[in-house]
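Respectively, the protein sequence lines represent chains A, B, C and D.
If you read the first sequence in our numbering, its first letter stands for residue 42, the second for the next number, and so on.
If you read the second sequence in our numbering, its first letter stands for residue 6, the second for the next number, and so on.
If you read the third sequence in our numbering, its first letter stands for residue 8, the second for the next number, and so on.
If you read the fourth sequence in our numbering, its first letter stands for residue 68, the second for the next number, and so on.
No residue lacks a Cβ here, since even glycine has one placed at the ideal position from N, Cα and C.
Keep in mind the model is a prediction, meaning the values are calculated, not measured.
To keep things clear, I will list the structure first and then write my remarks on it.
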Amino acid sequence: MNKQLFNSSKEIRQDKLGRLLVYSALTVVLVLALAMLYFIFSKGIATFTQNHINFWDFLTRSNWNTDNLQKPDLGAWALMVTSAETTLLAVLVTTPLALVIAIYIVVMSPKIGGRIVQPLTELLLGIPSVVYGFVGLTLLIPFLRNWAGGTGFGVLAASLVLALMILPTITSLAVEALNGVPQSYQTFAYSLGCTKWQVIVHVLLKISAPNLLVAVIFGVARAFGEALAVQMVIGNTVQLPLGLFTPAATLTSKLTTDMGNTIDDTLASNALWSLALLLLVMSLIFNLLAKLVLRRSQSRESISR
Amino acid sequence: MDTYLNLPEEKDSDIVAKDVNIYYGKQQAIANCNANFPRHQITALIGPSGSGKSTFLHSINRMNDGIARVEGELVYQGQNLLDPKVNVYNLRHQIGMLFQKPMPFAKSIYENLALPLREAGNHNQADIAKRIDRVLKMVDLQHEIGKDLNKSALHYQVGSNSGFV
Amino acid sequence: MNRYRVNQIMTGILNGVTLLVVLFIAAFILYLLASGMTAINWRFLTTSSEVGLGIRDQLFNSLYLLLLTQLISLPIALGAAMALTLYVDKRSKFASFAQGLIQILSSLPSIIVGLFGFLILVLKFNLGFSIISGALALTFFNLPILTQSIAVSLQGVPDEVMQSGLALGISKWHTITKIILPEAMPGIWSGIVISAGRVFGEAATLIYTAGQSAPTLDYTNWNPLNPASPLNIFRPAETLAVHIWKVNTESLGQDAATVSRGTIVILILVVLLFNLVARYFSTTMRKKVGR
Amino acid sequence: MMGKRSAFLTGLTVIATAVTLTACGGQSGSKTASSDKALSGKVTAVGSTALQPLVEQAAKDFQAKNPNVTVNVQGGGSGTGLSQVAQGAVDIGNSDIFAESKPCVATDKITEHKVAVIGFAPVVNPDTKIKKLTMAQLQNIFAGKVINWKQVGGKDEKIVLVNRATGSGTRATFDDNVMKGKKSLKSQEQDSSGAVQKIVGSTPGAISYLAFSYLTKNLQAVALDGVAPTTANVLNNKWKIWSYEHMYTQKKASKAAVAFIKFMNSDHVQGDLVKKLGYISIKDMQVVKDAKGNVTNK
Numbered sequence: 042m043n044k045q046l047f048n049s050s051k052e053i054r055q056d057k058l059g060r061l062l063v064y065s066a067l068t069v070v071l072v073l074a075l076a077m078l079y080f081i082f083s084k085g086i087a088t089f090t091q092n093h094i095n096f097w098d099f100l101t102r103s104n105w106n107t108d109n110l111q112k113p114d115l116g117a118w119a120l121m122v123t124s125a126e127t128t129l130l131a132v133l134v135t136t137p138l139a140l141v142i143a144i145y146i147v148v149m150s151p152k153i154g155g156r157i158v159q160p161l162t163e164l165l166l167g168i169p170s171v172v173y174g175f176v177g178l179t180l181l182i183p184f185l186r187n188w189a190g191g192t193g194f195g196v197l198a199a200s201l202v203l204a205l206m207i208l209p210t211i212t213s214l215a216v217e218a219l220n221g222v223p224q225s226y227q228t229f230a231y232s233l234g235c236t237k238w239q240v241i242v243h244v245l246l247k248i249s250a251p252n253l254l255v256a257v258i259f260g261v262a263r264a265f266g267e268a269l270a271v272q273m274v275i276g277n278t279v280q281l282p283l284g285l286f287t288p289a290a291t292l293t294s295k296l297t298t299d300m301g302n303t304i305d306d307t308l309a310s311n312a313l314w315s316l317a318l319l320l321l322v323m324s325l326i327f328n329l330l331a332k333l334v335l336r337r338s339q340s341r342e343s344i345s346r
Numbered sequence: 006m007d008t009y010l011n012l013p014e015e016k017d018s019d020i021v022a023k024d025v026n027i028y029y030g031k032q033q034a035i036a037n038c039n040a041n042f043p044r045h046q047i048t049a050l051i052g053p054s055g056s057g058k059s060t061f062l063h064s065i066n067r068m069n070d071g072i073a074r075v076e077g078e079l080v081y082q083g084q085n086l087l088d089p090k091v092n093v094y095n096l097r098h099q100i101g102m103l104f105q106k107p108m109p110f111a112k113s114i115y116e117n118l119a120l121p122l123r124e125a126g127n128h129n130q131a132d133i134a135k136r137i138d139r140v141l142k143m144v145d146l147q148h149e150i151g152k153d154l155n156k157s158a159l160h161y162q163v164g165s166n167s168g169f170v
Numbered sequence: 008m009n010r011y012r013v014n015q016i017m018t019g020i021l022n023g024v025t026l027l028v029v030l031f032i033a034a035f036i037l038y039l040l041a042s043g044m045t046a047i048n049w050r051f052l053t054t055s056s057e058v059g060l061g062i063r064d065q066l067f068n069s070l071y072l073l074l075l076t077q078l079i080s081l082p083i084a085l086g087a088a089m090a091l092t093l094y095v096d097k098r099s100k101f102a103s104f105a106q107g108l109i110q111i112l113s114s115l116p117s118i119i120v121g122l123f124g125f126l127i128l129v130l131k132f133n134l135g136f137s138i139i140s141g142a143l144a145l146t147f148f149n150l151p152i153l154t155q156s157i158a159v160s161l162q163g164v165p166d167e168v169m170q171s172g173l174a175l176g177i178s179k180w181h182t183i184t185k186i187i188l189p190e191a192m193p194g195i196w197s198g199i200v201i202s203a204g205r206v207f208g209e210a211a212t213l214i215y216t217a218g219q220s221a222p223t224l225d226y227t228n229w230n231p232l233n234p235a236s237p238l239n240i241f242r243p244a245e246t247l248a249v250h251i252w253k254v255n256t257e258s259l260g261q262d263a264a265t266v267s268r269g270t271i272v273i274l275i276l277v278v279l280l281f282n283l284v285a286r287y288f289s290t291t292m293r294k295k296v297g298r
Numbered sequence: 068m069m070g071k072r073s074a075f076l077t078g079l080t081v082i083a084t085a086v087t088l089t090a091c092g093g094q095s096g097s098k099t100a101s102s103d104k105a106l107s108g109k110v111t112a113v114g115s116t117a118l119q120p121l122v123e124q125a126a127k128d129f130q131a132k133n134p135n136v137t138v139n140v141q142g143g144g145s146g147t148g149l150s151q152v153a154q155g156a157v158d159i160g161n162s163d164i165f166a167e168s169k170p171c172v173a174t175d176k177i178t179e180h181k182v183a184v185i186g187f188a189p190v191v192n193p194d195t196k197i198k199k200l201t202m203a204q205l206q207n208i209f210a211g212k213v214i215n216w217k218q219v220g221g222k223d224e225k226i227v228l229v230n231r232a233t234g235s236g237t238r239a240t241f242d243d244n245v246m247k248g249k250k251s252l253k254s255q256e257q258d259s260s261g262a263v264q265k266i267v268g269s270t271p272g273a274i275s276y277l278a279f280s281y282l283t284k285n286l287q288a289v290a291l292d293g294v295a296p297t298t299a300n301v302l303n304n305k306w307k308i309w310s311y312e313h314m315y316t317q318k319k320a321s322k323a324a325v326a327f328i329k330f331m332n333s334d335h336v337q338g339d340l341v342k343k344l345g346y347i348s349i350k351d352m353q354v355v356k357d358a359k360g361n362v363t364n365k
């Protein structure tokens, strides 16, 4: 009989400690997340439960008028559209560039990439959004004004500022994603006579696609939640962004502009929290979409294997 | 499909599998496996790719806890290994396992060899160095990597992996 | 056109676009540096904003807050990331729930995190406008980002490494801490640096928590309980980013623009320094790790 | 017997605890009471960013005189200031507007103190060639009835409106004194003087309004109905666009808070600081404006 098999050992104790540590850390994060969600949710629904704003109206109308308490005219539709539009434009501009840079860093020239290109892009992360806002205001806006006429303020200006801001986020994560592809795959593909470009397209991009998508989603999330910089260049007018040069307002810019001027537990304040709630719901939707894409790509992968 | 690997008598065997069934979720990987693995012998499991050889081996070492569901009994020196009360670490100290694909740790070669010893409770630096030296001599890699012991083990992955994993 | 030609053209485009973007970023940063360089002198760095328009205290506050924030959030984020990648069954409902939750948390606008911090920390827990409120609010902001980036780095370590460790009879916890963690370290480091950059430049979260005033500090007083001590965590603290924000939005006079441009330069230089140090560590580590 | 005795003991403990508690409370109370001369404590003032520079500077001077008092001045906006002081979360709420003009503020719980006056001027980008307007023209411009500077005697250029955020103190002052109930055209909204300053200064055809202290060379302040936007004209209400800066305290304010408010009205602050920082002293005003906007002579 091998009694020793049933004895406890230091490994068991180590594992107990480890499990305790990691699960308590995870609990902290989750409790925090739930607390914030609950907080925003409870404040956000007050507009509908206390102030009796029609939920459907709130989603579909495009005016923002909280002064008239008898007949408030409140709707977040224009804000949502603007948020989506600026984010989408920013991501469309940035993603190809970020991918190119990431490929350069990982494949083309890891030496220059690692020493110059990546540090330079990551430097952008440390610049506060206020600075982006003011540079946008002093350089980009006059440029757009001279180039396209009008005031320069608007969706395009906001998108371009956002595009620069999310460039480092997407790039860094894309680099991580590409680095996650085992080197042996590349070696193998080269040994079959693939050109660099073929390796990039058929091996690297294909294998890391789900993680690249996650990188883009991170970028979307950052662009979506950015407030200060956008607020300075978008022109803050609550209306549907019909053109690229229409001054408009996003969920976050409206939130930031008005928050300090509202009184707790009034319609004006509750409505802003409702915007926060909308932001949450929209990022939830992004998240689910991303999950769906990831799951699909994974199931396809497992079939092909 | 039932699998019978009846080689010697059970009393001469160190490991005996009795009606082992292994499932990944709903998918069954091993069906009713009965096998005796005789003492002081090398037994080879042969089969086509995907037939469950690794799955079976993994369960002897309890490496697929939480990944696969293993039913039946795997008796090792009179004890059922699949008993949840078994301390898997003590088990793994007694039954070793080599993987198909070598997976050195991202440390120096020396550290790769020293870490398991240290983790097993040997903290005598001199003794560890002696043991490593002996092992390298045993596999005749002393001259090839003896001077590179402080280099990353990962660089030796392709050429001479079978040597020291 | 054969594939070699395609290869030539496409790699050329890759190089060209990278060059353009790099030049653009460099121009942007050089512009910021150049427009603020004139504001920088020894006095600017060594006096307080109340006495000589300097940013000594803001610089210290920024670094101190960053340090506290990372000290609080790093262990938690590390643990949570380990739990998510190495403990929780990735296919389980709980795993996707937890990941989704963290993802959502990370996409919250920082102003909301700031207001949450204000209402909960400053008012409810009565911590007041203080460094500790700011550090905790920044932790709220930082945790999801850091957790996610550490999780990505941990996932980059092949599963087989865990298997090998376990097969040697090493406990799961020691396999993680002594084998997997060191291997993931370069990635984790760059994750920390990236999050540090964001924390360092974060203003919206701090406006309502650490506050926007910088009481003059007495750098000879290292008693953490004294209100004038730089180490006191219950004093209000304005950081560089908040200073820029404040100077740009409400400040008066001709000096405002100079101060703000100068502050931007310092901020960029500090972040640059971070990156260089971290990169140095990261590359030496990667060399050692080598996968 | 036992039951009675244990009940008695329990009662004793409760009383003892209560006494200790009140003793603690009394102690802290007596501490503030006995320190009439050497004032101590902590005062937190939150709110209006427009008032913040003045209060900050005053707080510094106040602390120099009362080293045991910590005055903590933060921004956050008038709305934040009012709601936090009404909830009792902070000692002082700084506000650009009368608490009465915000619905839902528990005005019965707070006391008002006027500490300064701010004058506001319409500002335009200099390229519009506009130096003066009538009140009606200004109103029409912001209502969207006039859309080109040519219509009011300027250059042929489209008018770009820049408003302050709805609910902000500056916007409220402008709406009350200029728009007088008329609706403003939907336009850009900015929430900081700094941003408005930069936008108007750099955008051709732009118009907005700023506090006097924010007027710079690259902006053209506009005279209205022949009255120039100067401090002297505000004092006698010839220039109509001005408002008070308020500091609200709780009805039962702490000694330190009361002392600080008193300091805000002292000659040092009103005579010296206020002017240095570009505000108008409350003592120099020849008129009084109430919450509804009615102006009477002092």
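{"query": "Would you list, in sequence order, the uninterrupted alpha helix (DSSP H) runs of no fewer than 4 residues that lie entirely inside the stretch 112–167 of chain D?", "result": "119–132 and 145–153"}
{"query": "Using a C-beta to C-beta distance shorter than 7 Å, which residues of chain A count as neighbours of Asn95 (chain B)?", "result": "Gln45, Leu46, Asn48 and Ser50"}
{"query": "Check the Cβ-Cβ distances between Lys98 (chain D) and every residue of chain C, and say whether any is below 8 Å.", "result": "Note on Lys98 (chain D): pLDDT 37, under 50, position unreliable in the model; the coordinate value appears next. False, the Cβ-Cβ gap to chain C never drops below 8 Å."}
{"query": "Looking at C-alpha atoms only, which residue of B:Asn127, B:Leu87 and B:Ile114 is the closest neighbour of Val21 (chain B)?", "result": "B:Leu87"}
{"query": "Does the Cβ-Cβ distance between Ile201 (chain C) and Ser156 (chain C) come in under 8 Å?", "result": "yes"}
{"query": "Return the CA-CA distance between Pro209 (chain A) and Thr265 (chain C), expressed in angstroms with no decimal places.", "result": "27 Å"}
{"query": "Using the C-alpha atoms, what's the distance from Phe80 (chain A) back to Met17 (chain C)?", "result": "50 Å"}
{"query": "If we require 4 or more residues per run, which alpha helix (DSSP H) segments fall completely within the stretch 282–329 of chain D?", "result": "298–302"}
{"query": "List, in order along the chain, the chain C residues whose C-beta lies closer than 7 Å to that of Ala262 (chain A)?", "result": "Ser113 and Ser114"}
{"query": "For Val244 (chain A), tell me which candidate among A:Ala270, A:Asn311 and A:Val148 has the shortest Cα-Cα distance.", "result": "A:Val148"}
{"query": "Can you give me the start and stop residues for the alpha helix (DSSP H) that Asp19 (chain B) sits inside?", "result": "Element bounds for Asp19 (chain B): not the alpha helix (DSSP H) but the beta strand (DSSP E), Ser18 to Tyr29."}
{"query": "Kindly indicate which three-state DSSP category Asp103 (chain D) falls into: helix, strand or coil?", "result": "A caution first: Asp103 (chain D) carries a pLDDT of 46, below 50, which makes its placement in the model unreliable, though a value can still be read off. Of the three classes helix, strand and coil, the one that applies to Asp103 (chain D) here is coil, per DSSP."}
{"query": "In angstroms with no decimal places, state the Cα-to-Cα distance between Ile275 (chain C) and Asn22 (chain C).", "result": "27 Å"}
{"query": "Whose C-beta lies closer than 6 Å to the C-beta of Ser178 (chain C) among residues of the same chain, with five residues either side of it excluded?", "result": "none"}
{"query": "Take the Cβ of Pro296 (chain D) as the centre, count every other Cβ of all protein chains shown within 10 Å, and call the residue buried at 16 or more, exposed below.", "result": "buried"}
{"query": "Mind pulling the chain B residues with CB within less than 9 Å of Ile248 (chain A)?", "result": "What Ile248 (chain A) touches in chain B: nothing, since even the nearest Cβ is about 18 Å away."}
{"query": "For Lys51 (chain A), is the classification buried or exposed, using 16 other Cβ atoms within 10 angstroms of its Cβ as the cut-off for buried?", "result": "exposed"}
{"query": "Out of A:Trp238, A:Leu330, A:Val202 and A:Val72, which has the shortest C-alpha to C-alpha gap to Leu269 (chain A)?", "result": "A:Val202"}
{"query": "What do you reckon, are the CB atoms on Val274 (chain A) and Phe194 (chain A) nearer than 8 Å?", "result": "yes"}
{"query": "Taking C-beta pairs closer than 9 Å, name the residues in chain B that Ile86 (chain A) reaches, listed in chain order.", "result": "Per Cβ cutoff of 9 Å: no residues; Ile86 (chain A) is ~40 Å from chain B at best."}
{"query": "Considering only the alpha carbon of each residue, which of D:Gln151, D:Thr178, D:Pro120 and D:Val182 lies closest to Asp334 (chain D)?", "result": "D:Val182"}
{"query": "Tell me whether Gln15 (chain C) sits in a helix, a strand or coil according to DSSP, three-state version.", "result": "helix"}
{"query": "Output, in sequence order along the chain, the residues in the stretch 76–93 of chain B whose CB is closer than 9 Å to any CB in chain A.", "result": "Tyr81, Gln82, Gly83, Gln84, Leu86, Asp88, Lys90, Val91, Asn92 and Val93"}
{"query": "Are the C-beta atoms of Lys142 (chain B) and some chain C residue less than 8 Å apart?", "result": "no"}
{"query": "Please tell me whether Val171 (chain A) and Ala248 (chain C) are closer than 8 Å, where the distance is taken between their beta carbons.", "result": "yes"}
{"query": "Where do the ends of the alpha helix (DSSP H) carrying Ala105 (chain C) lie?", "result": "Lys100 to Ser113"}
{"query": "Could you name the residues of chain C that His128 (chain B) contacts, counting a contact when the two beta carbons are closer than 7 Å?", "result": "Within 7 Å Cβ-Cβ: nothing; His128 (chain B) doesn't reach chain C, min ~14 Å."}
{"query": "Within the 8 Å Cβ cut-off, does Asp305 (chain A) reach chain D?", "result": "yes"}
{"query": "Checking contacts by CB at 8 Å: is Ala126 (chain D) closer than that to chain A?", "result": "no"}
{"query": "Give a yes or no on whether the C-beta atoms belonging to Leu93 (chain C) and Ile32 (chain C) are separated by under 8 Å.", "result": "no"}
{"query": "Is the number of C-beta pairs between the stretch 135–151 of chain C and the stretch 235–252 of chain C that are closer than 8 Å three or more?", "result": "yes"}
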